[in-house]
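Under our numbering, think of the first position of the sequence shown as 35, with each following residue one higher. Presented below is the structure to which this report refers.
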Amino acid sequence: MFILGLIIWGFIIGGLARLALPGPDPMPWYATLGLGLGGSLIGGLIAELLLGTAGGLIFAVLGAILLLYLYRRFVQHRGITGPTARP
């Protein structure tokens with residue numbers, strides 16, 4: 035049940051992050067899952083440092099958005115908006 039919960043949580047967070055940033059995302063389902071889980075980890079660490087407590091959904095989505103932005107910027111070498119946004 036715990037693993038199934040992690041999979042669902044990862045899809046939700048990854049999907050929200052992909053909806054928050056404009057532009058095409060040719061990502062398979064397992065990349066969306068990894069984005070959501072990684073974003074939850076990053077967001078939780080940031081919330082723990084800043085607030086001293088768990089961040090929850092908001093910090094998880096913010097962490098996933100940060101990861102997606104960094105992926106687009108440094109791996110795909112494209113921006114979020116403008117002429118470089120679309121390959």
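Beta carbons: idealized from backbone N, C-alpha and C, even for Gly.
Secondary structure of residue i, DSSP reduced to three states
i    : result
R112 : coil
A94  : helix
L79  : helix
Residue j beta carbon less than 8 angstroms from that of residue i
i    : j   : result
A51  : L91 : no
G72  : V95 : no
I114 : A54 : no
Nonlocal neighbours in the same chain, by C-beta distance under 6 angstroms from residue i, ignoring five residues either side
i   : result
G44 : L67, G70, L71
G77 : G89, F93, A94, L96, G97
W63 : none
Own chain, CB closer than 8 angstroms to residue i, minus 5 neighbours either side, in chain order
i   : result
F75 : Rather than Phe, the amino acid found at residue 75 in this sequence is Leu. Same-chain partners within the cutoff: G97.
G39 : none
Cβ-heavy atom distance, residue i to the ligand PLP, below 7 angstroms
i   : result
I41 : Among the ligands in the structure shown, none appear at all, so the ligand PLP cannot be discussed.
Residues near residue i by beta carbon distance below 7 angstroms, same chain, minus five either side
i   : result
I41 : L67
M35 : none
Should the stretch 54 to 71 be regarded as contacting the stretch 80 to 89, the criterion being three or more beta carbon pairs within less than 8 angstroms? no
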